[in-house]
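1 is the number of the first residue of the sequence shown in the UniProt record's numbering; add one for each residue after it.
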Amino acid sequence: MKALRAFRVLRPLRLVSGVPSLQVVMNSILKSMLPLFHISLLVFFMVTIYAIVGLELFKCKMHKTCYYTGTSKEQNTHLCIYMHKHTHSPCLYLLPNCPSDIIATVENEKPSPCAQAGNGRRCTINGTECRAGWAGPNNGITHFDNLGFAMLTVYQCITTQGWTDVLYWVLYYITPYTHKLYITTVLYHSDLLHLM
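This is how it looks when you write it as structure tokens:
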């Protein structure tokens, strides 16, 4: 019964029948629904294609970062206190599932992916090594490990909100020559998104 009461919201639509100018507006909105649906399907199709390409190129590549080597829990605690006292900022991130591993970062920076071989970013802080185990950028949301998160990452890029961060993580830390993929993604998709 409460669900039927929700249709009371539609009562003001009766005003449309009484005002001719509102009828024109409502008719044009209803006529534009089908083309908007077609554009939405095109955007969804293209996001899926780019997500599959990203899945093939970057799967499991964004979970390595620089860790301090050979530290125990006690040493990690002392290192955290020392770094916090001297930098006045939390520059080390503790992993909740692995308390003996400390991610090494430069002051006021968040962790970012690294590469053990190739042209990727290297761990430059003394006593660090690049290894897997990190959740990934944006608390593990930004990655290309499965189709859903890959589509979410592509959607982040086409909305042009934070797409440069994703570009730099992939371009400088993982594999070169991926800028062409990102530039076409942003230029093509953001224009389509703005047409809607």
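Positions of the beta carbon are idealized from the N, C-alpha and C atoms, including for glycine.
Sequence-distant residues of the same chain with beta carbon closer than 6 Å to residue i, five excluded per side
i      : result
Trp163 : Cys157 and Val186
Thr178 : Val170 and Leu171
His143 : Met62, Gly136 and Phe149
Identified DSSP bridge partners for residue i
i      : result
Ala132 : Lys64
C-beta neighbour in chain D for residue i, strict 8 Å
i      : result
Arg131 : Here there is only one protein chain, and chain D is not present.
Residue i: first and last residue of the uninterrupted alpha helix (DSSP H) it sits in
i      : result
Val16  : Arg14 to Gly18
Lys2   : Lys2 to Arg5
Leu181 : His179 to Thr184
Asn139 : Pro137 to Gly140
Coil, strand or helix - residue i by DSSP
i      : result
Asp145 : coil
Pro113 : coil
Ile125 : coil
Gln23  : helix
Ile31  : In the sequence on display, residue 31 carries Lys and not Ile. Note: Lys31 maps to helix in three-state DSSP.
Thr159 : coil
7 Å CB neighbourhood of residue i in its chain, flanking five on each side removed
i      : result
Ala132 : His63 and Lys64
Met26  : Val16
Cys98  : Any reading at Cys98 needs caution, since the residue's pLDDT is 42, under 50, leaving its predicted position unreliable; the model's value is listed next. Here the set comprises Gly133.
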